[in-house]
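Visitor: One structure, pasted below without further comment.
Following this line, the structure appears as structure tokens:
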């Protein structure tokens with residue numbers, strides 16, 4: 001996958017994840033794109049757990065669905081870490 005496609009899929013996945021997850025996320029366009037790109041890698045990791053090709057825990061970009069799922073997971077983890085830090 002080319003770097004431009006990775007960035008575009010990251011942007012789309014980040015926007016969809018922010019739309020799906022309720023609450024206020026104060027992120028700009030660059031942070032949303034980075035969220036989607038990290039979500040794509042996390043989604044690839046989650047997807048590799050269900051494949052039997054022998055390449056467990058390989059970092060690889062995934063499709064848009066797993067990218068959105070990964071971005072939601074990352075957004076939830078960041079939100080939980082932020083809440084924990086504020087209340088401590």
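Residue numbers (full-length UniProt numbering): 1 to 88. The C-beta atom is built at its ideal place from N, Cα and C for all residues, glycine as well. All figures in this text were calculated on a predicted structure; none of them were measured in a lab.
1) When the Cα of residue 17 is compared with those of 74, 76, 80 and 68, which residue comes out closest?
2) Quick one: residues in its chain with C-beta nearer than 6 angstroms to the C-beta of residue 81, no 5 flanking neighbours on either side, listed in chain order?
3) Where do the ends of the alpha helix (DSSP H) carrying residue 37 lie?
4) What does the Cβ neighbour count give for residue 66, buried or exposed, with the cut at 16 atoms within 10 Å?
5) When the Cα atoms are used, what is the spatial distance from residue 71 to residue 53?
Guide: On the basis of the supplied data:
1) Within the chain shown, the letter at position 17 stands for residue 17. Among 74, 76, 80 and 68, the Cα nearest to that of residue 17 is on 68.
2) By 1-based counting over the chain shown, the position of residue 81 is 81. When the five nearest sequence neighbours on each side are left out, no beta carbon in the same chain lies closer than 6 angstroms to the beta carbon of residue 81.
3) If you number the chain shown from 1, residue 37 lands on position 37. Counting along the chain, the alpha helix (DSSP H) containing residue 37 begins and ends at 29 to 49.
4) Locating residue 66 in the chain shown gives position 66, counting from the first residue. By the Cβ-count criterion, residue 66 is buried, with 16 or more other Cβ atoms from all chains shown falling within 10 Å of its own Cβ.
5) The residue you call residue 71 lines up with position 71 of the chain shown. The residue you call residue 53 lines up with position 53 of the chain shown. Straight through space, the alpha carbons of residue 53 and residue 71 are spaced by roughly 24 angstroms.
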